[in-house]
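Asker:
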Amino acid sequence: RSDDVNIRDLAARYILSGGQIKIIIQNAATEAASRNGRARKLKQSDLMKYCELETDRDKKDQRRMGFSA
498 RSDDVNIRDL AARYILSGGQ IKIIIQNAAT EAASRNGRAR KLKQSDLMKY
548 CELETDRDKK DQRRMGFSA
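Residue numbers (the numbering used here): 498 to 566.
(1) Among I504, K538, Q517 and K540, whose alpha-carbon lies nearest the alpha-carbon of L550?
(2) Applying the 10 Å Cβ sphere with the 16-neighbour rule, what's the burial state of I504?
(3) So the alpha helix (DSSP H) A536 belongs to, where does it begin and stop?
(4) Among the candidates I522, S514, D553 and R554, whose CA atom is the shortest distance from the CA of S542?
(5) Quick one: grab the DSSP three-state call for S542.
(6) Note down, in chain order, each residue of its chain lying with its Cβ closer than 6 Å to the Cβ of K497, except the 5 sequence neighbours on either side.
Next up, the structure:
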């Protein structure tokens, strides 16, 4: 358990789908696991980094659909 992680703060900052949350957690956990010693702990900054990357990617992938005048 990481005392640094604040799920309520993340939920207030980001609107994410279940799939996005899964990707974010996998990526953040992989990054944390790649560190040495006590630094292997998952941190709020890890989660925020991947939330930002995921929401930024989501904005770039939005395409106009339907008819336009």
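Think of the CB as a built atom: it goes at the ideal place given N, C-alpha and C, for glycine as much as any other residue.
Answerer: The structure says:
(1) Q517
(2) exposed
(3) First-last for A536: undefined, no H or E at that position.
(4) I522
(5) helix
(6) Residue numbering for the chain in the displayed model covers 498 to 566; residue 497 lies beyond these limits and cannot be assessed.
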